[in-house]
Every structure is written in C-alpha cells, then in structure tokens.
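To convert a position in the sequence shown, counted from 1, into the numbering used here, add 83. Some notes on the structure that comes next.
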Amino acid sequence: MGASRASQQPGADRLASGGLGPASGARPATAVLFVCLGNICRSPQAEGIFRQQVAGAGLQERFIIDSAGTSSYHQGELADWRTRQASAARGVELLHRSRPFDPADFERFDHILVMDHSNLRDVLALAAQPHHRGKVELLRSYDSQAADSAVPDPYSGGADGFDRVFDMCELACAGLLRRLTAQPQP
Ligand code: 4NP
Numbered sequence: 084m085g086a087s088r089a090s091q092q093p094g095a096d097r098l099a100s101g102g103l104g105p106a107s108g109a110r111p112a113t114a115v116l117f118v119c120l121g122n123i124c125r126s127p128q129a130e131g132i133f134r135q136q137v138a139g140a141g142l143q144e145r146f147i148i149d150s151a152g153t154s155s156y157h158q159g160e161l162a163d164w165r166t167r168q169a170s171a172a173r174g175v176e177l178l179h180r181s182r183p184f185d186p187a188d189f190e191r192f193d194h195i196l197v198m199d200h201s202n203l204r205d206v207l208a209l210a211a212q213p214h215h216r217g218k219v220e221l222l223r224s225y226d227s228q229a230a231d232s233a234v235p236d237p238y239s240g241g242a243d244g245f246d247r248v249f250d251m252c253e254l255a256c257a258g259l260l261r262r263l264t265a266q267p268q269p
C-alpha cells in the first residue's frame, strides 16, 4: 500500500462490505490494482502516485488502490530503496509491502493496470473468465502521448531509470484518473 495509511483500503474490504467501498453511499468505490513483476519498483510507484493524485482531487472515498507482483520474489518487502528515493524526491511516500498477484484480485478489482507486455501475458494467463481479461490493461495506454506502450523494468539499470519510471507513471496515472472520473456523455 502507498502514501497514506489512513487511505489504505485492501480490495478484500470491498468484498466483505458487499461490494461497496468505505464510503458506501450512493456510488460504489472503484478498485484499481497496479501490477509489475517484483512489486518493488514500478507498481508500488504507480500506486503511490495514483493515490496522491486521487487524494489531491479529494476523491479518496471513491477509490480502493493497491499493487501486486506477478512473482513472489520480494514478498513482504518495502519498495526498492531507489524507487522510494525517486518517489520521495517528488513528494510521494511509499509504504506498500510487496505481495504476489492473487487470482482472487480479478474479482476484487475493477481495473488491473500492468506495466509491460510480460506482465500482461502473465496476468492474462491467470484469468479464468472473459470478464477478468477485460479488466487488464497496460497502464501507459492511458498516456496518449506515450512513445511506447510499456513502463520498462528499472531494476537492473541506473538511477535515472527510476526517475523516468516516475514520469511515465505520473502521466499515465493522470490519464487513468481523468478517464475514471469522466462524466458520461448524455
Ligand atoms: P518491478 O522490478 O517489477 O518493477 O518491481 C523488478 C524488481 C525485482 C526483479 C525484477 C524486476 N527481480 O528480478 O528481482
């Protein structure tokens, strides 16, 4: 989970409360899950950025936000220190601990945003239902200006890779939030 402990809302809570989020008023919360391989670099950064954008728009009660990895290599760990450093430099604190993607996430979350084509393949391979497949998208598909469709894995590269990942996630998350909050046309 990411920046604000107060707004940490696991998707399971939504199931337990009958499909509504913590603000179970008129509108059900939208549950968004970011997924990469290790869940220590890209997806926790996207989670923290999106959480902050949502908070900045005053919409915390309308979203459930989490991240996961297609592997369990780093289960229980905080985000990579380089990711946390790059995020902190931009005012985003990352508190999430790595967890593996769980096929139950297909029911817990409305939108599953993956970072690259390998994540896409791995998550789709776990999708048992057609409506599960329809929830899985590349995060950068929400950045209309993106030159590439993937957020590249920065794990084995230099420090600038983590800053670039932040920039990519920031733009794409802003596009995602715009899309998820757009008013339907009459
Ligand atoms: P992430 O980066 O998928 O963005 O969290 C990686 C982190 C760890 C490894 C690979 C990618 N790893 O092989 O341990």
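Where a beta carbon is used, it is the ideal one built from N, C-alpha and C, also for glycine.
Does the ligand 4NP have even one heavy atom less than 8 Å from the beta-carbon of residue i?
i, result
"residue 121", "yes"
"residue 124", "yes"
"residue 183", "no"
"residue 152", "yes"
"residue 250", "no"
"residue 163", "yes"
Can you look up residue i in the DSSP assignment and give me helix, strand or coil?
i, result
"residue 176", "coil"
"residue 142", "coil"
"residue 131", "helix"
"residue 244", "helix"
"residue 152", "strand"
"residue 201", "helix"
Might you give, ordered along the chain, the residues of its own chain that have their beta carbon closer than 6 Å to the beta carbon of residue i, omitting 5 neighbours on each side?
i, result
"residue 237", "124, 244, 245 and 248"
"residue 260", "136"
"residue 199", "233"
Go through its chain and collect everything with a Cβ distance to residue i's Cβ below 7 Å, but skip five positions before and after it.
i, result
"residue 158", "181, 182 and 183"
Enumerate in chain order the residues of its own chain whose CB-to-CB distance from residue i is below 8 Å, with the five nearest sequence positions on each side excluded.
i, result
"residue 216", "207 and 210"
"residue 262", "225"
"residue 106", "Its pLDDT being 47, under 50, residue 106 is placed unreliably in this model, and the value from its coordinates should be taken loosely. Excluding positions up to five away in sequence, the list reads 112, 144 and 145."
"residue 212", "189"
"residue 170", "128, 131, 132, 162, 176, 177 and 249"
Which residues does DSSP pair with residue i in a beta bridge?
i, result
"residue 196", "117 and 220"
"residue 147", "114"
"residue 259", "Its beta-bridge partners do not exist; DSSP assigns none."
"residue 161", "180"
Between which two residues does the alpha helix (DSSP H) carrying residue i extend?
i, result
"residue 268", "Unbroken run through residue 268: none, as it is neither H nor E."
"residue 168", "164 to 171"
"residue 185", "No alpha helix (DSSP H) holds residue 185; DSSP gives it neither H nor E."
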